[in-house]
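*Asks:* Quick one: the structure is below, and I'll ask about it shortly.
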Amino acid sequence: RPRRWQHPLLLLSALLWAPALVAFNLDEEKLTVYSGPPGSYFGYSVDFYIPDPSTVSVLVGAPKANTTQPDIVEGGAVYYCAWPAARCRQIPFDNTNNRKIKVNGTREPIEFKTNQWFGATVKAHKEKVVACAPLYHWRTLKDSPEKDPVGTCYVAIQNFSAYAEYSPCRNSNADPEGQGFCQAGFSLDFYKNGDLIVGGPGSFYWQGQVITASIADIIANYSFKDILRKLAREKQTGVAPPSYDDNYMGYSVAAGEFTGDSEQELVAGVPRGAQNFGYVSIINSSDLTFIQNFTGEQMASYFGYTVAVSDVNNDGLDDILVGAPLFMEREFESKPKEVGQVYLYLQESAFLFQDAQILTGTEVFGRFGSAITHLGDLNQDGYNDIAIGAPFAGEDRRGKVLIYNGYSNGLNPNPSQVLSGAWASQSMPSGFGFTLRGDSDVDKNDYPDLIVGAFGAGKAVVYRARPVVTVNAHLILNPMIVNPDNKTCQLPGSQLLVACFTVRVCADFEGQSISDEIVLKGELQLDSLKQKGAVKRTLFFDYHQSHHYFSLVIEKQKQLHCQDFLVYLRDETEFRDKLSPININFNYSLDESSFEDSLTVKPILNYYQKNSLAEQAYILVDCGEDNLCIPDLQLSAVPDTDQLIIGEENCVMLIINPRNDGEGAYEAELHIKIPPEADYTGVERNNKALRVLSCDYKMENETRMVVCDLGNPMVAGSNFSTGIRFSVQHFENSDFSINFELQIKSSNKINPTSNLVNLHINISAVAQVQIRGVSHPPTIILPLHNWEPKDEPTKEEEVGPLVEHIYELHNIGPSAINNTILHVGWPLSSREEFLLYILHIQTHGPLHCQTSSPINTMQIKFTVPEDTPELAAFLYNSTISHYIRRRDVAVAEPHRKNSAKILNCTNVKCVLIACTVGQLERGKSAALKIRSRLWAQTFLERKNDLYSLSSNVSFEVKSMPYKVQPAKLPEGSIAIRTSVIWSTPNVSFEIPLWVIILAILLGLLVLALLTLALWKCGFFDRARPPQDDMADRQQLTNNKTTDA
C-alpha cells in the first residue's frame, strides 16, 4: 500500500479572500525573490542558514531539480541563496550515481535516486544543515529484486565542507510491515541542542514513527560504503497494534518543553489517527514514550498535518499550534465549506494546557493551516507572532500568508497583515505559503524576517520586518467652553471680532532601531461630527477652513514636541446647533518621504495603536452656572376626527400642543412618524388660533417622518398649538386603526425629548350594495302570429319568443367589496315541461358563474346578438325611451281574467346559478345576462291561463378587501318576473268594390220605393189635432213657472 508524496494536496481550488488588510510591519515592496529552474518545485522547503551571528543566508529545497549526478533524473537539490544578492547555487550534498552491487555476476543498482524528492525537507541549526529525500528507494536484501521507499537524509557541516548520509529505515526490516515504506525525512526538525528529529510516516503499515539521532553520531566514522549503518544512540518509536495502521505518525514534527524539566520533548502529528480525527502527541525525548495527546474535532480534517511550537503569550512556557487544513465549516449541513483551521494550545504549567483557541480560514479550498511557523517577536511588542499559510487561497489561487500577532491571552483573532502571492495558477497553483520559515533577522535591524516558498512558481520570497514606531500623541483644547459673546480675536484683514480658542497638538515617539528624527503628517478636522455639507461652526483663524494639514517634526525619541493652532467660532446667525459639542479630530501618519530611499526598510506606525485623537469643545449657553440646559418638554395631540371610513376622502388634521416647562431646548423639533396609510399634505394656515410651523418631509431608515422646527432654542415657557394635515388613503394592509407617533426632540444632553404620544384613529369599512334586474320583454302575449310549435325544435326560433334577463350588482360604496356570492333561481320546467329554456349565460365584470345542472340540453342552435338598447341602458346606468318593435298585424286589447299564477322555485323546478363576484370598488358593477326562450308549446296547451314566471336573485357579501370588517356585511334579494298573457286577434274580410256599389244602389232604390209608397198613402198630408197644440203650450207654461 504505497502512499504517494503528493497525496495530501490533491484536488485543490480557491475562492476570493476577504478584503485586503492594511499592511503592518512586513515590507511588501522591498522584497528579495529567489527563482529556481522551471518545474523543479524550487521553494518546496525553505530555511535560514546562520553559521555565525554575522552571516545570514537562505536555503531553498527543489525536490524535482536535476543535478550533476550521473544518470539521475530529477533527483532533487537544495540551493544556497546569499542575501541580499538574489542568486542561488546548488549545494553538493551528493554527486554520486546509484550505488551498485554484484548480483549473479552482474552489477545492479542497490539504490534509486531518480525522483527521490531530495530537498523536500531542509532544516538548519547553526552551521548544521539537514536535507532529506523521503522518496528515496533502495533494493532490499531479498533474492527477488524489490524497491522500498525508505527515504534518506544528508547532513552538511562546517560551511558545507563535510557531508554524511543518514537513512535510519534502510535496514533488514523491509516491506510494509517493517520500515520498507518509512519515507524517512518526510518531516524534519532540531532540538535546541542540535539533535535531529526525523519523521517517517510510512513505517509499519503506515502507522508511522519518529526517529531521533545526534548529528555528531551521524558524522562520526561515516563511510559512503556503509549502507546498513546503525547509530548507537539513535532512538525510534516501535511498532504498535494493527489498530494503529494508516495513522501516519511523523507526518509533522517539532520540539518544545512541556514537562517542566528543561529537557525538550518532541511533538508529532498523526493526521489519520484516532479513527481519522487526527491527533498530535507529545513524546518524551529520552525514551520516546507518549506523554499527552491532542485530538482533532472533525473526521478527515487532517488535524496534525503541520505542528509548530512557540511561546505566543510570553509566559515562558512553550505553546503548541496544530494545523487542520481540510477542516470543513458546517454552517449548513448540505453545503459544508472546506476552509481549514489552526488550533493554539496555551501551556499553563507542566502537562496542563488551556482549551484550544481556534483560528478559521475564510476561503473555500484555500488550505488554511497547511504551514505554520514561529516568527519571533515581529513587531517588538514583547510577544511572539505566528505566520499561517493558505497556499491555494486568493484570486487565481495565488496563495496567501496571514500574520497573527501574539498577546497576553494568545493570538489576536484577526490577522494584522495578509501577504498575497504574485503568481497566478498556470498548470498548477503557485503554492505561495505552502512552506514558511521565520525567527531570523537577515538585515540585522533587530526585527525577525520571513521566508515564503511558492514551489508551483519556482520562487522563494524573503519579507523583511519594518521597525515599528509607537507614537504618544495628545490633543489639548483651551478653553474647552467657548463664550460666543467673548469676542477677543480680530480676523486678519477685517474689523470683525470673533470668539476663539487654541488647539494644541503634542507627540513623542519610541521604537527599536529607529533614527532620532521622524516626521508625522498631521490632519486636524474641526467640528468633525457634522455631516458633509453641514455648516462647520469653527474654522482655523489663519486659513478660514475646517481642515488643516501640517507636518510635525520630532527630533528625538521620548521628547515631546507641540504645535498650536488658533480656531474661531462663527457668528451665531450662521448656524443653529449651539448644544452639541464641537468635535476636534487629530489624525496622523508617518511621513515616509523623510527616510532615505535605500535597501533599508522604512519604519511603520504601530498597527495596534490608534493614529487618531478626538477632543470636544462646547459653546456657552444661557443655562446657569453649569452651562447645562435642562428642558421639560411636554406634548399632547388630538385628531379632528375619531373615525376613518375606507373609500372616503379621509383628511385628518392633528391638533398638537407642544410646550417647554424647563430651560431652553436647543434645536427643538417636532417629529411625527407617518403611518403607512397616510401622506403628509401640509400645515394648517387658515386657523389663526394655530401657529404655522416650518415642517419638512423626511425619510429616516425607511421611516417616513414630518419634522417641524420648534425653535432654537425653544425658550422656557413656550406653549402653543399647531395643526398638521394628512391624507389617509392606503388601507390595503391596515388594522383596525392607524397610529401616529409624535415626540419633541432636542440636542440637549439631559431631558432631550418629550413624552411619546401615540394617536390612534379607528378605521371602519362601509359599503352600500344594490341588486337590480330587468326582464326583456317584461310580457309575452300569446298566441304567436304565424307560428306553429314543433315536436323537436332545433333552432331557437322554433322554441318560442326570446326572453332575456339582466341582473346588476352595483357597489354604491364608499368601501370596496370582494368575495360576494350571487344566486339566481331560474324557473326551468314544470311536470317535465320546459318553461323558460336557457340558451346562454353572459357575464360582465368580475363575475364567474356555474349552474346546478347543464343548460341547453336539447342542443338548440342559437346566436348571441348584441345587447338590446334596454340592456345597454341598464348596464351603463343611462336612461333611454322604451323601444317597441313594429308588428306586421295589429293586436287587440289583451283578454283580462283573474290574477296570473306565479311560477317560481317554490312550485316549479329551477336551475340554480351560483356566481362568485370579485372585488368591486366604489361605483363599480358586475352584471349577469341570461338568454332564454319561452317554451311556447307548454303554455299553448293551457290556453287563456295567465302566468308570471319569477326568477329569484340574491347576493351575500362574504368579506371586504381589508383587515377590518364591518359588523354586518351587505346582503339582499329581488324577484324579476316575465308575464304570459292572452289576447283574441281582430278578423277582417275583403269585400269587392262592385258589391259595395251594388249594395248602396239597392239601398237607395229601396228607400225611394218606400218613400213613394208612403206618399201614395197620404202619409205626408196628415194634420195634427188642435187639442194637442194647446196641451203643448200649457205644458211649456207650467215648466217656466216651476223654474222661476
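Going left to right, the sequence shown walks through residues -23 to -1, 1 to 1021 as mature numbering (1 follows the signal peptide of the UniProt record, and there is no 0) numbers them.
Yeah, the Cβ is synthetic: ideal placement off N, Cα and C, and Gly gets one too.
Every value quoted in this text rests on a predicted model; they were computed, and no experiment measured them.
1) Go through the region 715 to 775 residue by residue and report every complete run of the beta strand (DSSP E) that reaches 3 residues or more, in order.
2) Just tell me which of Leu786, Ile973, Ile815 and Cys672 has its CA closest to the CA of Gly949.
3) Which value, in whole angstroms, describes the spacing of the CA atoms of Val216 and Lys377?
4) Is the beta carbon of Asn564 sitting closer than 7 Å to the one on Ala591?
5) Quick test of your reading: Leu165 and Ala190, contact by CB under 8 Å. State the CB separation rounded to the nearest angstrom.
6) Helix, strand or coil: how does DSSP classify Leu312 here?
7) What residue range does the beta strand (DSSP E) around Lys103 cover?
8) Using the rule of at least 16 other Cβ atoms within 10 Å of the residue's Cβ for burial, across every protein chain shown, is Trp992 buried or exposed?
9) Would you kindly work out how many angstroms separate the C-alpha atoms of Ala869 and Ser960, rounded to a whole number?
10) Of the choices Gln467, Arg481 and Tyr440, whose alpha-carbon is the least far from that of Met457?
11) According to the neighbour-count rule (16 or more other Cβ atoms, all chains shown, within 10 Å of its Cβ), is Ala442 buried or exposed?
12) Can you give the Cα-Cα distance for Leu889 and Thr834, rounded to whole angstroms?
13) For a test of the three-state rule: what should DSSP assign to Trp992, helix, strand or coil?
14) State the DSSP-derived secondary structure class of Val512, mapped to helix, strand or coil.
15) Quick one: grab the DSSP three-state call for Ile491.
16) Consult DSSP for Pro15 and reduce its assignment to one of helix, strand or coil.
17) Quick check: the Cα distance between Leu546 and Lys507, rounded to an integer number of angstroms?
18) Let me know if Thr699 comes out buried or exposed under the rule of 16 or more other beta-carbons within 10 Å of its beta-carbon.
19) Could you tell me the alpha carbon to alpha carbon distance between Val669 and Asn637, rounded to whole angstroms?
20) Taking the CB atoms as reference points, tell me whether Gln184 and Asp125 lie closer together than 7 Å.
21) Looking at C-beta atoms only, is the number of pairs between the region 797 to 808 and the region 924 to 931 that lie closer than 8 Å three or more?
22) Measure the alpha-carbon distance for Asn198 versus Lys207 and round it to whole angstroms.
23) Could you tell me how far apart the beta carbons of residue 1022 and Leu265 are, in whole angstroms, since I believe they sit closer than 8 Å?
24) Within this structure, are the beta carbons of Leu556 and Asn356 separated by less than 7 Å?
25) Closest to Ser22 by C-alpha separation, out of Ala193, Arg414 and Gly281, would be which residue?
26) Between which two residues does the alpha helix (DSSP H) containing Phe916 stretch?
27) Consult DSSP for Arg374 and reduce its assignment to one of helix, strand or coil.
28) Examine the Cβ distances between the region 247 to 263 and the region 273 to 282 and report whether three or more of them are shorter than 8 Å.
29) Is Leu573 buried or exposed, if buried means 16 or more other CB atoms sit within 10 Å of its CB?
30) State the Cα-Cα distance for the pair Thr883 and Gly790, rounded to the nearest angstrom.
31) Can you give me the C-alpha to C-alpha distance between Ile268 and Glu242, rounded to a whole angstrom?
32) So, is Asn739 buried or exposed, given that buried needs 16 or more other C-beta atoms within 10 angstroms?
33) My output table needs one value for Phe25: the three-state DSSP class, helix, strand or coil.
34) Can you give the Cα-Cα distance for Arg553 and Ile607, rounded to whole angstroms?
35) Taking the DSSP output, what are the residues bridged to Val459?
36) Any contact between the region 329 to 342 and the region 359 to 375? By contact I mean 3 or more CB pairs, one from each, below 8 Å.
*Replies:* If we stick to the structure as given:
1) Counting only runs of 3 or more, we get 734 to 741, 744 to 753 and 756 to 759.
2) Within the sequence shown, the letter at position 972 stands for residue 949. Residue Leu786 holds the alpha-carbon nearest to the alpha-carbon of Gly949 among Leu786, Ile973, Ile815 and Cys672.
3) Position 239 of the sequence shown, counted from the first residue, corresponds to residue 216. Position 400 of the sequence shown, counted from the first residue, corresponds to residue 377. Rounded to the nearest angstrom, the two C-alpha atoms are 39 Å apart.
4) For this step, residue 564 is matched to residue 587 along the sequence shown. For this step, residue 591 is matched to residue 614 along the sequence shown. No, these two residues do not count as a Cβ contact at 7 Å.
5) For this step, residue 165 is matched to residue 188 along the sequence shown. For this step, residue 190 is matched to residue 213 along the sequence shown. Contact between Leu165 and Ala190 is absent: CB atoms are separated by about 12 Å, not below the 8 Å threshold.
6) Counting from one through the sequence shown, the residue named residue 312 turns up at place 335. As written in the sequence, residue 312 is Lys, which differs from the Leu given in the question. Coil, per DSSP.
7) Within the sequence shown, residue 103 is the residue found at index 126, counting from 1. Annotation for Lys103: no beta strand (DSSP E) segment contains it, and DSSP assigns it neither H nor E.
8) Working through the sequence shown from its first residue, we reach residue 992 at position 1015. Exposed, by the Cβ-count rule.
9) Looking up residue 869 in the sequence shown gives position 892. Looking up residue 960 in the sequence shown gives position 983. Because Ala869 carries a pLDDT of 42, less than 50, the predicted location of this residue cannot be relied on, and no value is offered for it.
10) As a working mapping, residue 457 is identified with position 480 in the sequence shown. If we check each option's Cα against that of Met457, Arg481 comes out closest.
11) Against the sequence shown, residue 442 aligns to sequence position 465. Result: buried.
12) The residue labelled residue 889 in the question sits at position 912 within the sequence shown. The residue labelled residue 834 in the question sits at position 857 within the sequence shown. So the two alpha carbons sit approximately 15 Å from each other.
13) For the purposes of this step, residue 992 is taken as the residue at position 1015 of the sequence shown. In the structure shown, Trp992 sits in a helix (DSSP, three-state: H, G or I).
14) Residue mapping note: residue 512 aligns to position 535 of the sequence shown, counting from 1. Three-state DSSP puts Val512 in coil, outside helix and strand.
15) As a working mapping, residue 491 is identified with position 514 in the sequence shown. Residue state, collapsed to three classes: coil.
16) Taking the first residue of the sequence shown as position 1, residue 15 is located at position 38. It is coil, neither helix nor strand.
17) Residue 546 sits at position 569 when you count from the first residue of the sequence shown. Residue 507 sits at position 530 when you count from the first residue of the sequence shown. If you take the alpha carbons of Leu546 and Lys507, they lie about 15 Å apart.
18) One-based indexing of the sequence shown puts residue 699 at position 722. The residue in question, Thr699, is buried, as its Cβ has 16 or more Cβ neighbours within 10 Å.
19) Here residue 669 is taken as the residue at index 692 of the sequence shown, counted from 1. Here residue 637 is taken as the residue at index 660 of the sequence shown, counted from 1. Rounded to whole angstroms, Val669 to Asn637 spans 18 Å at the Cα level.
20) The sequence position of residue 184 within the sequence shown is 207, counting from 1. The sequence position of residue 125 within the sequence shown is 148, counting from 1. Not in contact: Gln184 and Asp125 (Cβ atoms no closer than 7 Å).
21) By the Cβ criterion, the region 797 to 808 is in contact with the region 924 to 931, since at least three pairs of Cβ atoms, one from each stretch, lie closer than 8 Å.
22) Counting from one through the sequence shown, the residue named residue 198 turns up at place 221. Counting from one through the sequence shown, the residue named residue 207 turns up at place 230. Cα to Cα, Asn198 sits roughly 12 Å from Lys207.
23) Outside the displayed span of the chain (-23 to 1021) sits residue 1022, for which this structure offers no information.
24) The residue labelled residue 556 in the question sits at position 579 within the sequence shown. The residue labelled residue 356 in the question sits at position 379 within the sequence shown. Going by C-beta atoms, Leu556 is not nearer than 7 Å to Asn356.
25) Within the sequence shown, residue 22 is the residue found at index 45, counting from 1. When only C-alpha atoms are compared, the closest one is Arg414.
26) Here residue 916 refers to the residue found at position 939 of the sequence shown. Residues Ala913 to Leu917.
27) For this step, residue 374 is matched to residue 397 along the sequence shown. Note: Arg374 maps to helix in three-state DSSP.
28) Yes, the region 247 to 263 is in contact with the region 273 to 282.
29) Here residue 573 corresponds to residue number 596 of the sequence shown, with the count starting at 1. According to the sequence as given, residue 573 is Glu; it is not Leu. Label assigned to Glu573: exposed.
30) Indexing the sequence shown from 1 puts residue 883 at position 906. Indexing the sequence shown from 1 puts residue 790 at position 813. CA-to-CA, the gap between Thr883 and Gly790 works out to about 33 Å.
31) The sequence position of residue 268 within the sequence shown is 291, counting from 1. The sequence position of residue 242 within the sequence shown is 265, counting from 1. So the two alpha carbons sit approximately 9 Å from each other.
32) In the sequence shown, counting from the first residue as 1, residue 739 sits at position 762. Its Cβ having fewer than 16 others within 10 Å, Asn739 is exposed.
33) As a working mapping, residue 25 is identified with position 48 in the sequence shown. Note: Phe25 maps to strand in three-state DSSP.
34) Taking the first residue of the sequence shown as 1, we reach residue 553 at position 576. Taking the first residue of the sequence shown as 1, we reach residue 607 at position 630. Rounded to the nearest angstrom, the two C-alpha atoms are 18 Å apart.
35) One-based indexing of the sequence shown puts residue 459 at position 482. According to DSSP, which records beta bridges pairwise, Val459 is partnered with Ile596.
36) Yes: the two stretches touch, three or more of their Cβ pairs being nearer than 8 Å.
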